[in-house]
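Per numbering that gives the first Met the number 0: the sequence shown = residues 0 to 190.
C-beta atoms are modelled at their ideal positions from N, C-alpha and C, and glycine is treated no differently.
Here the structure is a predicted model, which is why all the values come from computation and not from measurement.
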Amino acid sequence: MDPREAHAALAARVDAFEAAARERGAEMRCGAGCDACCRVALSVCSLEAAPIREALDALPAARRRELAARAEDPAGRAGERCVMLEADGRCAVYAARPLVCRSQGLPLAYPPGVVPEQAVRAHLEGPAGEQELTWCPLNFVESPPAGEDVLDAGRLDEALATLQRAHVGPTGDPLARVSLRELAASTAPGA
């Protein structure tokens with residue numbers, strides 16, 4: 000399977016996992032306009048940049064100009080707010096958002112030592128051994144998440160890295176990143 004197609008399938012699986020967790024009644028408050036996790040300056044690999052660039056290119060010229068102006072605004076460069084975050088708290092490229100954005104809010108399992116200590120909210124013993132769990136502090140306030148609602152983020156990251164290596168091929172740099180700010184600036188009409 001082509002890496003872009005495999006990435007789209009992986010993104011769909013993450014979306015389905017999140018939808019299933021909500022359907023089971025997982026205590027998640029994430030939703031349109033909830034943007035607490037969007038207060039960062041993100042970068043993505045070239046595999047994830049491609050659908051974001053396409054989503055930006057599909058926007059009307061006026062919207063692309065607004066995003067490019069936002070990307071160039073020095074006030075927004077401190078990383079306090081994702082360049083794709085609209086005034087109403089929604090994402091300008093929601094359908095093409097990266098995996099890290101798709102998985103935010105879910106309880107995420109990582110191998111020990113990956114998550115900063117202050118962000119570890121629980122520990123889980125699983126088939127791969129002990130894992131550290133983290134999740135948005137706005138979610139699972141009343142009770143901890145059920146095991147079936149925990150996404151193995153370590154495996155998700157490994158899958159993305161594998162697809163990225165296939166995407167760039169033997170001569171490309173699988174570690175190269177592009178900021179969302181750069182993507183927004185480069186898609187302005189005439190850029």
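{"Asked": "Please state whether DSSP places THR170 in a helix, a strand or coil.", "Found": "coil"}
{"Asked": "Cβ of LEU41 within 8 angstroms of Cβ of LEU55?", "Found": "no"}
{"Asked": "Would you list the one or two residues that DSSP bridges to ASP151?", "Found": "ALA108"}
{"Asked": "Rounded to whole angstroms, what is the Cα-Cα separation between LEU107 and VAL99?", "Found": "11 angstroms"}
{"Asked": "Give me the Cβ distance between ARG101 and GLY32, rounded to the nearest whole Å; I'm assuming they're in contact under 8 angstroms.", "Found": "Not a contact, Cβ separation roughly 17 angstroms."}
{"Asked": "Let me know the alpha helix (DSSP H) ranges lying completely inside the region 44-76, each 4 residues or longer, listed in chain order.", "Found": "45-57 and 60-71"}
{"Asked": "Which residue wins for smallest C-alpha separation from ARG180, given the options SER142, LEU159 and ALA48?", "Found": "ALA48"}
{"Asked": "May I ask which residues mark the beginning and end of the alpha helix (DSSP H) holding GLU17?", "Found": "2-22"}
{"Asked": "Is the beta carbon of CYS44 closer than 8 angstroms to that of GLN117?", "Found": "no"}
{"Asked": "Once DSSP output is grouped into helix, strand and coil, what is the label at GLY146?", "Found": "helix"}
{"Asked": "Between ALA61, THR186 and VAL149, which has its C-alpha nearest ARG23's C-alpha?", "Found": "VAL149"}
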